[in-house]
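Visitor: The structure under discussion is supplied below as structure tokens; questions concerning it will follow.
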Amino acid sequence: MKICVTGGAGFIGANFIYYELEKHCEDEIVCLDNLTYAGNLETLSEAFNNEKFSFIKGDIADRTFIFDLFEKEQFDIVVNFAAESHVDRSITDPEVFVRTNVVGTTTLLDACRAYGINRFHQVSTDEVYGDLPLDRKDLFFTEQTPLHTSSPYSSAKASADLFVLAYHRTYGLPVTISRCSNNYGPYQFPEKLIPLIIYRATNDLSIPVYGTGENVRDWLYVEDHCSAIDLIIRNGKDGEVYNIGGHNEKTNLEVVKTVLSILDKPESLITYVTDRKGHDLRYAIDPVKIETELGWKPEYSFETGMPLTVKWYLENRCWWENIINGEYKNYYEKMYGGR
Ligand code: NAD
Ligand code: DAU
């Protein structure tokens with residue numbers, strides 16, 4: 065099979081490429097990525113040694129380019145990871161989120177209709193369901209939970225989901241969608257909470273915690289997300305949505321304190337800063353559908369995945385130092401300066 069992985073130079077897409085190359089060495093993987101600030105060819109350096117892997121630089125929202133590519137490559141499966149993925153950036157610059165996450169997704173869907181595929185898989189997010197109250201631990205997101213978005217990021221992802229489902233109903237396109245909770249693990253860009261804590265604590269820099277730090281996220285080790293998507297693209301049912309999560313709910317403060325303790329750094333590094341606008345309170349996934357229908361189970365808990373993640377960042381300093389010493393400095397100043 066020939067699998068097109070869009071956004072494969074980013075965090076989860078790259079982990080997925082490594083997962084597929086190892087588990088399904090018979091399949092061919094073509095990574096399609098525009099190499100935005102979040103895309104990094106260094107992340108894929110080992111994949112380039114595998115003859116089943118190839119890389120194409122290109123924009124999923126460039127219709128002419130995408131149609132030419134799909135005509136030439138005749139993909140069997142498309143897994144769409146490509147997106148603008150950071151909520152804070154969507155608050156300061158929403159437009160590119162509409163272009164990539166909505167127009168890019170519909171462009172891919174149109175190319176799949178034109179040239180045919182066995183499966184288009186959309187990598188979506190639990191953020192499309194909005195948030196849950198902090199005082200109702202009995203509530204979880206199921207696949208039936210109505211879409212109710214908060215940020216420009218989640219609104220663009222929800223719009224894309226609606227187009228994916230519309231292309232199934234209207235044109236019979238074979239699609240699936242997964243909605244996963246927060247991921248952590250190797251190769252995550254240091255704008256996101258966990259790698260940000262690790263690189264700042266390692267350098268004895270302050271850790272910016274938004275608001276009170278009481279917001280809750282449901283953390284999943286990235287490899288478990290990859291194994292879930294692998295099952296869905298091979299065994300999932302056309303037109304279905306699958307939630308992915310491992311019941312690892314933590315407040316942001318708990319996350320920060322866990323990482324500081326693994327690194328043996330003082331809690332005095334914690335600095336409370338102005339809250340994120342529209343900050344979602346709590347995410348919590350009910351994964352019973354993917355567990356019962358596809359037999360998926362996560363292999364890692366927060367307690368096992370977090371030390372592995374910290375270890376990876378300590379052993380791969382070059383990877384993140386190259387990032388934080390570049391354009392990222394301006395990003396950090398713009399987002400956090402005077403906050
Ligand atoms: P990321 O920001 O690390 O990577 C995104 C990748 O997409 C980058 O390589 C970037 O270069 C590429 N890209 C961006 N715009 C493009 C375009 N127009 N054309 C081609 N490539 C483009 O993101 P991530 O954290 O790996 O997330 C991947 C996907 O998973 C996203 O769709 C995101 O919504 C979803 N998701 C993420 C999480 C999480 O916790 N990170 C959880 C659930 C779902
Ligand atoms: O739930 C899935 C989503 O998880 C994905 O769809 C998104 O692509 C991904 O970025 C992530 O979104 P979050 O907004 O939850 O992740 P982030 O790492 O940005 O923030 C996690 C929590 O930490 C959130 O409550 C905001 C808080 N935070 C974040 C940063 C960057 C801080 O307190 N300080 C920070 O500096």
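Heads up: the sequence shown is residues 65 to 403, going by my numbering.
Ideal Cβ placement from N, Cα and C applies to all residues, glycine included.
1. In whole angstroms, give me the CA-to-CA distance for E255 and Y248.
2. On the premise that Y347 lies in contact with D190, defined as a C-beta separation below 8 Å, what is that separation, rounded to the nearest angstrom?
3. Under the assumption that T315 contacts V280 (Cβ atoms under 8 Å), give the Cβ distance between them as a whole number of angstroms.
4. Sorry if obvious, but does the Cβ on Y83 come closer than 7 Å to a heavy atom of the ligand DAU?
5. Mind checking which residues open and close the alpha helix (DSSP H) that includes F80?
6. Under the criterion of a Cβ to heavy atom distance below 7 Å, does K314 qualify as lining the ligand NAD?
7. Which partner residues of K66 appear in the DSSP bridge assignment?
8. Could you please go through the chain and list the residues whose beta-carbon is closer than 6 Å to any non-hydrogen atom of the ligand DAU?
9. Using a threshold of 7 Å, is the CB atom of G342 nearer than that to any non-hydrogen atom of the ligand NAD?
10. Express the C-alpha separation of G310 and P250 in angstroms, rounding to a whole number.
11. Are K116 and L96 close, meaning C-beta to C-beta below 8 Å?
12. Buried or exposed: which applies to D328, given that a residue is buried once 16 or more other Cβ atoms fall within 10 Å of its Cβ?
13. Kindly examine the ligand NAD and report whether one of its heavy atoms sits closer than 7 Å to the Cβ of N220.
14. Using only the heavy atoms of the ligand NAD, determine whether one of them is closer than 7 Å to the beta carbon of G77.
15. Does the beta-carbon distance from F131 to T170 come in below 8 Å?
16. May I ask whether a heavy atom of the ligand NAD can be found less than 7 Å away from the beta carbon of N98?
17. Between which two residues does the beta strand (DSSP E) harbouring R183 extend?
18. Sorted by chain position, which residues of the same chain lie with C-beta nearer than 6 Å to D302's C-beta, five sequence neighbours on each side aside?
19. Smallest Cα separation from T207: which of S215, Y231, R243 and V320?
20. Does the distance between the C-beta of I124 and the nearest non-hydrogen atom of the ligand GTP fall short of 7 Å?
21. Pick helix, strand or coil for K314, following the three-state DSSP scheme.
22. Whose C-beta lies closer than 6 Å to the C-beta of N246 among residues of the same chain, with five residues either side of it excluded?
23. Check whether the Cβ of Q208 lies closer than 8 Å to any Cβ atom in chain D.
24. By the 10 Å Cβ neighbour count, where 16 or more other Cβ atoms means buried, how is R381 classified, buried or exposed?
25. My guess is that L172 and V151 are in contact by the Cβ rule of under 8 Å, so how many angstroms apart are they, rounded?
26. Cutting at 7 Å between CB atoms, please list the residues of its own chain near I334, excluding the five before and the five after it.
27. Quick check on R264: buried or exposed, where buried means 16 or more other Cβ atoms within 10 Å of its Cβ?
28. Taking Y193 as the reference, give the member of E135, D140, G168 and A220 with the closest Cα.
29. Whose C-beta lies closer than 7 Å to the C-beta of V162 among residues of the same chain, with five residues either side of it excluded?
30. Following a CB-centred definition, is A147 positioned closer than 7 Å to any heavy atom of the ligand NAD?
31. Which whole-angstrom value describes the C-beta separation of N79 and C290, a residue pair presumed to lie in contact below a C-beta threshold of 8 Å?
32. Are the beta-carbon atoms of E106 and W360 separated by less than 8 Å?
33. Closer than 7 Å to a non-hydrogen atom of the ligand NAD - does that hold for the CB of T213?
34. Please classify H232: is it buried, with 16 or more other beta-carbons within 10 angstroms of its beta-carbon, or exposed?
35. Should R183 go down as buried or exposed, given a rule of 16 or more other Cβ atoms within 10 Å for buried?
Guide: In brief:
1. If you number the sequence shown from 1, residue 255 lands on position 191. If you number the sequence shown from 1, residue 248 lands on position 184. C-alpha separation (whole angstroms): 12 Å.
2. The residue given as residue 190 occupies position 126 in the sequence shown. The residue given as residue 347 occupies position 283 in the sequence shown. Their Cβ separation, rounded to whole angstroms, is 5 Å, which keeps D190 and Y347 in contact under 8 Å.
3. Against the sequence shown, residue 315 aligns to sequence position 251. Against the sequence shown, residue 280 aligns to sequence position 216. Between V280 and T315 the Cβ distance is about 5 Å, and since that is below 8 Å, they are a contact.
4. Stepping through the sequence shown from its first residue, residue 83 is reached at position 19. Remark: the C-beta of Y83 is outside contact range of the ligand DAU, defined as less than 7 Å to any heavy atom.
5. As a working note, residue 80 is residue 16 in the sequence shown. Its alpha helix (DSSP H) spans residues F75 to K87.
6. Residue numbering aside, residue 314 sits at position 250 when the sequence shown is read from its first letter. Relative to the non-hydrogen atoms of the ligand NAD, the Cβ of K314 never comes closer than 7 Å to any of them.
7. Walking along the sequence shown from the start, residue 66 turns up at place 2. Per DSSP, the beta-bridge partners of K66 are E92.
8. Those residues are S149, H150, V151, T189, D190, E191, S245, N246, K256, L257, L260, P272, V273, Y274, N279, R281, N316, R340 and Y347, given in chain order.
9. Numbered from its first residue, the sequence shown carries residue 342 at position 278. In terms of side-chain proximity, the C-beta atom of G342 is found no nearer than 7 Å to any non-hydrogen atom of the ligand NAD.
10. Within the sequence shown, numbered from 1, the residue matching residue 250 stands at position 186. Within the sequence shown, numbered from 1, the residue matching residue 310 stands at position 246. Computed Cα separation, rounded: 18 Å.
11. Residue numbering aside, residue 116 sits at position 52 when the sequence shown is read from its first letter. Residue numbering aside, residue 96 sits at position 32 when the sequence shown is read from its first letter. Cβ atoms of K116 and L96: not closer than 8 Å.
12. Looking up residue 328 in the sequence shown gives position 264. Taking a 10 Å sphere around the C-beta of D328, we find fewer than 16 other C-beta atoms and assign the residue as exposed.
13. For this step, residue 220 is matched to residue 156 along the sequence shown. The identity of residue 220 in the sequence shown is Ala, whereas the question assumes Asn. Remark: the C-beta of A220 is outside contact range of the ligand NAD, defined as less than 7 Å to any heavy atom.
14. Translated into the one-based positions of the sequence shown, residue 77 becomes position 13. It does: the Cβ of G77 is within 7 Å (strictly closer) of some heavy atom of the ligand NAD.
15. As a first step, residue 131 is located in the sequence shown; it is residue number 67 there, counting from the start. As a first step, residue 170 is located in the sequence shown; it is residue number 106 there, counting from the start. Inclusion of F131 and T170 in the CB contact set at 8 Å is not warranted, their separation being larger than that value.
16. By one-based count along the sequence shown, residue 98 stands at place 34. N98 Cβ: within cutoff of the ligand NAD.
17. In the sequence shown, residue 183 corresponds to position 119, counting from 1. For R183, the enclosing beta strand (DSSP E) begins and ends at R183 to T189.
18. Taking the sequence shown and counting its residues from 1, one reaches residue 302 at position 238. Same-chain partners within the cutoff: P238.
19. The count along the sequence shown starts at 1 and reaches residue 207 at position 143. Per the sequence shown, residue 207 should be read as Glu rather than Thr. Of S215, Y231, R243 and V320, the residue nearest in Cα terms is R243.
20. Because the ligand GTP does not appear in the structure shown, any question about it cannot be addressed here, the ligands present being the ligand NAD and the ligand DAU.
21. Locating residue 314 in the sequence shown gives position 250, counting from the first residue. Here DSSP, grouped into helix, strand and coil, assigns K314 to strand.
22. The residue you call residue 246 lines up with position 182 of the sequence shown. A distance below 6 Å between beta-carbons, with the five flanking residues on each side excluded, links N246 to the following residues of its chain, in chain order: R281 and W283.
23. In the structure shown, chain D does not exist; there is a single protein chain.
24. Position 317 of the sequence shown, counting from 1, holds the residue named residue 381. Classification for R381: exposed.
25. For the purposes of this step, residue 172 is identified with residue 108 of the sequence shown, where counting begins at 1. For the purposes of this step, residue 151 is identified with residue 87 of the sequence shown, where counting begins at 1. Contact doesn't hold; Cβ gap of about 23 Å is too wide.
26. By 1-based counting over the sequence shown, the position of residue 334 is 270. If we look at I334 and ignore the five residues flanking it on each side, its Cβ neighbours are I271, V273 and V320.
27. As a working note, residue 264 is residue 200 in the sequence shown. Buried is the call here.
28. On the sequence shown, residue 193 is found 129 positions in, with the first residue counted as 1. Ranking E135, D140, G168 and A220 by Cα distance to Y193 puts A220 first.
29. Residue 162 sits at position 98 when you count from the first residue of the sequence shown. Cβ within range, chain order: A220.
30. Your numbering for residue 147 matches position 83 in the sequence shown. Within the cutoff, so yes.
31. Here residue 79 refers to the residue found at position 15 of the sequence shown. Here residue 290 refers to the residue found at position 226 of the sequence shown. 5 Å between Cβ atoms; contact.
32. For the purposes of this step, residue 106 is taken as residue 42 along the sequence shown, with counting starting at 1. For the purposes of this step, residue 360 is taken as residue 296 along the sequence shown, with counting starting at 1. In this structure, E106 sits away from W360, with a CB-CB distance that is not shorter than 8 Å.
33. Here residue 213 refers to the residue found at position 149 of the sequence shown. The answer is no for T213.
34. In the sequence shown, counting from the first residue as 1, residue 232 sits at position 168. The residue is buried, with at least 16 neighbouring Cβ atoms inside 10 Å.
35. The residue labelled residue 183 in the question sits at position 119 within the sequence shown. Under this definition R183 is a buried residue.
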